[in-house]
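Peer 1:
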Amino acid sequence: MHWPIDLIVLTFVIFCAVAAISVKDLLATAILFGAYSFMMCLLWAVMGAVDVAFTEASVGAGVSTVFFVAAVFRTSRRTKD
Amino acid sequence: MDIIVILFLVIGLFFFLGGAVGIIRMPDFYTRLHPAGKLDTLGIFAMVTGLSLYNLQHFSFEALLLSAKMFLIVFFVFLSSPTATHSIVDAGMRAGLRHWTKKKRRG
Amino acid sequence: MKFIGFVIVCLTGALLLYGTGEFPDWGDPASPASIHLSNHYIEKALEETQVPNLVTAVLADYRGFDTMFETAVVFCAGLACFLLLRDFSRKKERFYRHTATGVILHVKDSKKVLKTGKEFEHMDKDWVPSDLIIKTICRILIPFIQIYALYVVAHGDFSPGGGFQGGVIFGSSLILLAISYDLKTLLSRVKEKVLGIFAALGVLIYVGIGAICMPMGGNFLDYVKLVPLVPGDPHHIRALGMLGVEIGVGIAVTAAMAVIYINIVSEGRHDEGL
Amino acid sequence: MTDSNNNVAKKVGDTRAAFFKSFFSFLITFVFMFLSWIVLSGKFDPLLLWLGGISSFFVAYYFYDLLFPAMEPGYGKVFFRFISYVPWLIWEIIKANFHLLYLAFHPQMKDLIDPHIITFKTNLKSDIAITTLANSITLTPGTITVTADSDGVFRVHAIDRESADALPGTMLKKVAKVFGEKI
Amino acid sequence: MTDLLTLIVAKYNYWLYVILMMIGLYAMIAKNNLIKKLVGMNIFQTAIILFYVSIGYKKDATIPIIQNAHGGHDAHAAVIHAADYINPLPHVLMLTAIVVSVATFGVAMALAVRVYQRYQTLEEDEIRMRLVDIGPEK
Amino acid sequence: METIISIKPLLAVLVSLFVIPVLVSSSSKPNVRESWIFVAGIIKLVLVLSMLPVILDGKQIALTLFEIAPGASIAFRVDGLGMLFAIVAASLYIVTSIYSIGYMRGLNEHGQTRFVSFFALAISATIGAAFSANLLTLYLFYEILSLATYPLVAHHQDEKSRISGRRYLTFILGTSIALVLPAMIYCYHVTGTLEFSTAGIFADQLSKPAATVLLLMFVFGFAKAGIMPFHSWLPAAMVAPTPVSALLHAVAVVKVGVFSIVRVMTGIFGVDLLAHFNLGVVVMTIASITILVGSCIALSQDELKRRLAYSTISQLSYIIFGVALLSPQGLLGGVIHIVMHAFGKITLFFCAGAIYVATGKKYISQMSGLGKKMPFTFAAFFIGAMGVIGLPPSGGFYSKWNLILGTLEAQQTIFMLVLLVSSFLNAFYFLPIVYKGFFGKSEEEDGNAPVKIAEANLCLVIPLMITAIISIVLFFYPTVFVNLIKVGLGI
Amino acid sequence: MNNYPALIVIAPLLAALFAGLAVWIKERLSYPIALIGLAVSAFSAFKVLMQVIDSGTIQYRMAGWAPPMGIEYRIDLLNAMVLLLVSGIAFLNLLASCKSVDQEVNDRAGSFYTIYLLFVTGLLGVTATGDLFNLYVLIEITSLTSYAMVALGDRDRGPLASLNYVFIGVIGASFYLLGVGYLYLKTGSLNMVDVANILSGIHGSSTVLVAFILCMIGIWIKMALFPMHVWLPNAYSYSPIAFARVVAPLMTKVMVYVMIRLMITVFGFDYIFESLSLADAVVWLATIAILAGAVMALSQKNLKKMLTYIIVCEIGYMVGGAWMGNQLGMTGAILHILNDALMTFALFLVVGNMVYKLKTVDLVDLKGLFGKMPWTMAGFVLAALSIIGVPPTCGFFSKWYLILGAFEAGAYHFAAALIISSLICAVLFFKVFEICFFEPMPEEHGHMDSHSHAVIEEAPVSMLIVSGLVSLSLIVAGLYSGTIVNTIILPFLK
Amino acid sequence: MSTFFLSIALGLLFLMLFSMYRALFGPTVLDRLIGVNAIGSKTVILLLLIGFLYERVDMFVDIALAYAFLNFVAVLAASRYFHKRKGLYEESFMD
């Protein structure tokens, strides 16, 4: 019953992943990485893994992104690839 | 009851649609923020209302508390969404992003 | 490198796809993974542990030992960030802000030290005053986030969540405080020392609860043996043990997240963050 | 724990009145926290209630000055006025949204919009009032607050003339009324 | 057509996890920027989590929290059927894995900051050039 | 054969090991230190000799220390062959220590404590190798000996000794690891044991090619035996102080190599197996080449110690040659040559050292006329040379005689020619030195600046006299050693 | 109730936490706390080893749940041996590190000890556990701690080396996790013995094959088998010496243990050597690893770096031995775990002494060290000889079994590689010896000055005693290797 | 009713594609931020809807709530970056 959502979200996940590693700005990477985590969280929720979804929401969307932004803040946004 | 719920949800979806279209169509960053910040907020509001109403179908104290909890989301979004929007637009200003103007386009 | 990477990736991918050939279908209720252990957990866990959230039951009881090390990993990460980045040394150039007026002083002489405290604050050079709207809104939100985080910790038994998620949320509430005000505010409210102690203390609560079981005559982490120490319904002793453990996890994770953030964002100088 | 106690003591001064002030704000925070706990929890298990009490106490003890930093008398009044302000606001929001929807779906959208930034000054003093106004502006027709400082100066990005002209207007009055400030 | 759809649905998760993992692995190997590599690393780890969670999924089953069992007072009232609930074990494992990955991520970020402090760049080839400038190691 | 379990072999090995800490701690008091060396040497010799009667009775003394794997343990077993070698080593150790005291002090060398310590360690290893009950133990002590002698070879710590030390190790350690170790493990793999036994340990598990390869690996692998082409470490090692060259590179080290080969041939392969596969000829050919080439090179050397070194190379091959004859006479001749050559060659080295200490001269061409100034030394040199050449009345004659008989017994007439030719060559490169020493014109007579030259100090002269005398005595009384060989090899 | 098995792991963990608290309260306390923790752990490990030898495998149920449900510690002879080894070495190293930690990371010694203890906890847990997933978590603890430690070392290169270590380490651990996932998918269980039972019915499955390959690759990456070794030399040589001394001997060895554990307990010999035909390929890989490690070591100019490449080479020994498919090879591999840990420990202790005094261990800076630090150098010589494989040091005896195993399996190339690597090691170490022995001391006037005693500047006594003890233990372990094989390894393999 | 929820959810997912476009291709970083923010708000609703699909919405509300919090924190952090650092166009980094 949930497979259509699952399928679409999975495709989004792939989009986000590809974008996150190919974008030429680390801050954008951080932001897209956050979006990637959103998608992942959704995916876990669809698959019924509420605890995992919760963790992913708190970790991936929250602190991970913040750490990432903090690190980019302290280093540089520049990237060649 | 179901009809009200469906109505709310469809309205919410409609708001979201407007937001999405706005995000795509608007010419610059600042104008995009308008649909993104407002329409989504209201979309959430409408949808959560619909959903919490649906939740109250089998009325019980617990269901009421649950609906209240859902409204906490709304409360939260109403506080945070404009703040986030403001923060982003402020960021754009500080970063020196110039906003789109008609004159510029004409000239 | 790109080409080598591509080849390695293709090889690995082919290997993995080869392995998926024999997988049971996605969501197949009869797959081996869903019958052997999982059935026992699903059918017996509530009875054995009195915890309706099976994930918590397995996480904190059946496989509580894993979770203990997981907490230790978080503690370790916090400590590692502290160890790697914390910088106690004084830079030659320093910036001070007059607290009342917000005027920033740039001190180039390394010997001249202004007394930081009420009047002057030690600053980073790219300091910007915090935004009023963000500040106000976050001020209002933070206590709610915190009570929510504590709720998540306490309700790990009944609903998704638990010590880790709650801890992360609590930690991010502290981070939010640091973002909306500045790092100084956070550190004046929650001292670095307190964070350091809490990180260790949280794990210690977990390990301690486990270790107390040993002199009580049980195996490590065997909560049942704690009955004589805890008042209340002996049937719920496992649930209570899990609660205690979750609280420990929550404390440790909160502190660790805050420590990691603080150290990364200020490069360990603890003056000014995002 | 003693550390933060000291801090608290420094902040509010040693006078009795200040102590009661902070105690009062602590108490209110505690009540708020406990209420939200109950809403969140939805269970009335004694253990959970106890935990809720402890948690609320903990949060209130450490962070009471965040939620209600300066406990003014008549806060209750403000609260009720605020509640009455909310429906109006929501209505405004809905109006704003329809306006935006119209814009978003309009085929010649770019001819309709005319973004620009306006600046105006208000006499609002308290942080909370400024913030409320700023967020209300953000939520309502075609305008987003860019900056708002503690002097009450607002910079607003408006999507079209119409929205810009409406400012500060009624909203400012309403907000000022809610927080009992002069316009 | 239906067969194809069934096949896709049955294996889609597993295929996509492989693809995701390969994206992550490729980023880790081929990218030049250290933080990009870290992102690749995280994608790699989430791919594994996806794999595990996919294992645990069961059709027509609900989330692994026993219904109608508040506080376990009436726990024995209802018989629990294993088929009704999703397998909790992979979730448990993945909780741990997520925690581990975020811990690693944090430490790696700290390391990246350290590297930047030292070399003023995060590009690997540039760092290598700097290393040559520093001279032979001591 | 009756076997007695006793701790004596272990003690004999460990005595000089135990004395090392004492030596190190008394490094600031040379006299105390040297008396300890002397005491240790005596104790060692007494311990070794105390086992002699038992061995002569045809019994064996055994002691197993550590069981590493079934059939491969660290164990001692004293039999005739080992006893013979141990006696030679232990007795010469005492003599050499007296000599080295004189030598080192005479030249005021640095690092004397280090020198004597490693010397003691080396001698321990030598005795250990002699008493080994199996190939593993033998290999163990062989390696310890290699390593213990390295600091001795490199004693001068200058560029020359560095190069020599490097070459020394490359050859000794390299061959033992690269050849002996796999060969040994292969033996163990095939047979499951490494114990020496006169019948050999291989029943019929080996094909001829395998046996040949294995044997060659052993023969070349024990590079201390100086079989060509793995000989060049020996001349290089002559940079070491002379006592080292004397004891170790004439007696202990090289003889351990030879002894190991003998052990392998008699104890691992067994005479019968070698005869069966006709492998003796192979080894003999190799040995003959070494004998002849070594002698020829020795002829061309001007530095006395190098000439002695090449002589050693060729003489060592006699022993292998004798064993490879696989006939009782040949075996006897070969093994007894260990003893005879030891006493002969050590005398020669002592003399070389004494000359160097007394005059600072290293080259033969500088030595004309020295015999008149240093009569004792040169007389001893003459006796030693006789022993090496194989002239009566020195012990060398006895072994050469037996070797020739052995060739006849084995009907290898061509190889007899090798022996004869080599004896002539020996005579060619030794006797001119003696002649020059006694009858040549000294430098003074050439009109160079007069140098006061006299006999070296007593510590140097007495040992060389003793060894020279023993070398002669052995011609008349070789019985003990002959009996030991007979007991040991069951001839 | 016998709680020693849990205590082995818990004691250092508790000590780590208390040390972590002490950082903020009284930093000086953390060292004694750490010592006590490790002492308790080592004592428990010893007790457990004795018990296992007496009465066979010990099963310890964490939280009291029966094995497939809960996590189980399953301590058999192999485990117990490695546990004792790990805790013993960690304890000894801690004894020796007091001074060098003060020197290198003085202002944050408390945190250093905490992380050190966590690292040891991880290693001990990896060794003791009988659960596949628990193993992963503990591997991650060890990895995370080592990332931190490596970055703490060399200021210039440490963080970068550490970051590279992070990438490769995460790939390794993830591969392992993925392999466990595949196994779990097929068996539905995580307990090693349980998995093995279920697996015996489904040997032909491609999923199991992939699971096996993934697990192995993961572990190989973690243990730095040759083509996957790139992280190791930098990581180990740039870490603070007090940590390098414990990570270099233990980390890779414990991973080898994990590999052997997976091979024997989880997948089973039948599966690996009969259903699959990978063994030859792996032995070849090991052969190449040995040669490559040795050759790369040859080109190094820094002693620490050189030793790290020797570790790469030694890993080849153990992997090859384990994959020989016969008892002798496996015996050799297991014995080599013990011996190599001791040898590497001894070597790194010596390097630690040198670093303490000289601050650098570039080969050119070691001139005249024999005169300066005679005791240290004596230990170095012993350890080096052991690495070369000179009897009676222990290195020889494991090599003995390995070569025997190679002969039995017909893997002559492996035996040849062993011999060649021994030779190369000999060249390597004698190169160092020559420098230390022949080159004049830099600050000394004339070297041939006969009786002048060189100024002896030895490392502190605590370091010397430990390094001396360990060096001597190399000989003792060598001489008693027969006993070890007979009482521990052979009963285990049967 | 659940079919209806499903279709609403699919509709939201479809709309997410628009925001996703902004997030993936947005010319400036801040455009991406807007996109992600919009995705976040939709995700909150989606989570609730999934809860209704599972008929266990009480469990999913927590996640949605946490989600809303943390999305806010993340967006705030990302935008705070620009309060202190200048430079917006990633194109400017191409060299």
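Chains A, B, C, D, E, F, G and H, in that order, give the protein sequences.
The opening position of the first sequence corresponds to residue 1 in this note's numbering, with each subsequent residue numbered one higher.
The opening position of the second sequence corresponds to residue 1001 in this note's numbering, with each subsequent residue numbered one higher.
The opening position of the third sequence corresponds to residue 2001 in this note's numbering, with each subsequent residue numbered one higher.
The opening position of the fourth sequence corresponds to residue 3001 in this note's numbering, with each subsequent residue numbered one higher.
The opening position of the fifth sequence corresponds to residue 4001 in this note's numbering, with each subsequent residue numbered one higher.
The opening position of the sixth sequence corresponds to residue 5001 in this note's numbering, with each subsequent residue numbered one higher.
The opening position of the seventh sequence corresponds to residue 6001 in this note's numbering, with each subsequent residue numbered one higher.
The opening position of the eighth sequence corresponds to residue 7001 in this note's numbering, with each subsequent residue numbered one higher.
Even glycine gets a Cβ: it sits at the ideal position worked out from N, Cα and C.
All values reported here derive from a predicted model rather than from experimental measurement.
(1) Under 8 Å by Cβ, that's how I've got G:V6247 and G:Y6236 pegged, so tell me the actual separation to the nearest angstrom.
(2) Look at the Cβ atom of E:A4061, then the Cβ atom of E:A4097, and state whether they are nearer than 8 Å.
(3) Against chain E, with Cβ distances strictly below 8 Å, would A:I21 count as a contact?
(4) Whole angstroms is fine: what's the gap from F:N5108's alpha carbon to F:A5246's?
(5) Measure from the C-beta of G:W6375 to each C-beta in chain C and report whether the shortest distance is under 8 Å.
(6) Go ahead and label G:G6153 buried or exposed: buried means 16 or more other beta carbons lie within 10 angstroms of its beta carbon, across all protein chains shown.
(7) Which partner residues of F:L5063 appear in the DSSP bridge assignment?
(8) For C:H2098, which beta-bridge partners are listed by DSSP?
(9) Closest Cβ-Cβ distance between E:T4006 and chain H: below 8 Å?
(10) Buried or exposed: B:T1031, going by 16 or more other Cβ atoms within 10 Å of its Cβ?
(11) Any C-beta of chain F sitting closer than 8 Å to the C-beta of G:F6437?
(12) Could you say which of G:I6290, G:K6301 and G:P6491 lies nearest to G:G6316 if we only look at CA atoms?
(13) Say whether chain C places a C-beta atom closer than 8 Å to the C-beta of D:L3172.
(14) Using 8 Å as the limit for Cβ to Cβ distance, is C:L1979 near chain E?
(15) What is the C-beta distance between F:L5010 and F:L5052, in whole angstroms, given that I count them as a contact (C-beta under 8 Å)?
(16) Below 9 Å on C-beta distance, what does H:M7016 contact in chain E?
(17) Is there at least one Cβ from chain C nearer than 8 Å to B:H1086's Cβ?
(18) Can you give me the start and stop residues for the beta strand (DSSP E) that D:K3121 sits inside?
(19) What does a CB cutoff of less than 7 Å around F:A5275 pick up in its chain, not counting 5 residues either side in sequence?
(20) Going by the beta-carbon positions, is the gap between D:T3145 and C:I2133 smaller than 8 Å?
(21) Would G:T5965 and G:L6232 be called neighbours here (beta carbons separated by less than 8 Å)?
(22) Using a Cβ-Cβ cutoff of less than 7 Å, which residues in the same chain neighbour G:G6172 once the five nearest sequence positions on both sides are dropped?
(23) Tell me F:R5167's beta-bridge partners as DSSP assigns them.
(24) Tell me the DSSP secondary structure of C:I2104 in three-state form.
(25) I want to verify the contact list: residues of chain G whose CB lies under 8 Å from the CB of E:V4107, in sequence order.
(26) So, are the CB atoms of C:I2142 and E:G4106 less than 8 Å apart?
(27) According to DSSP, simplified to helix, strand and coil, what is E:R4118?
(28) Quick check: does the Cβ of D:S3084 come within less than 7 Å of any heavy atom belonging to the ligand PLP?
(29) Could you tell me the distance, in whole angstroms, from the CA atom of A:E56 to the CA atom of E:I4023?
(30) Could you tell me the alpha carbon to alpha carbon distance between G:T6127 and H:L7053, rounded to whole angstroms?
Peer 2: A quick look at the data gives this:
(1) 6 Å
(2) no
(3) yes
(4) 18 Å
(5) no
(6) buried
(7) F:F5076
(8) C:F2120
(9) no
(10) buried
(11) yes
(12) G:I6290
(13) no
(14) Outside the displayed range of chain C (2001 to 2274) lies residue 1979 of chain C, so it cannot be described from this structure.
(15) In fact, because the Cβ distance is near 17 Å, the residues do not count as touching under 8 Å.
(16) Going along chain E, no residue has its Cβ under 9 Å from H:M7016, so there is no contact; the nearest lies around 17 Å.
(17) yes
(18) H3116 to K3121
(19) L5326
(20) yes
(21) Shown here, chain G extends from 6001 to 6494; a query on residue 5965 of chain G therefore has no answer.
(22) G6218, I6221 and K6222
(23) Its beta-bridge partners do not exist; DSSP assigns none.
(24) strand
(25) L6144, Y6147, A6148 and V6166
(26) no
(27) helix
(28) This structure lacks the ligand PLP; in fact it carries no ligand of any kind.
(29) 20 Å
(30) 45 Å
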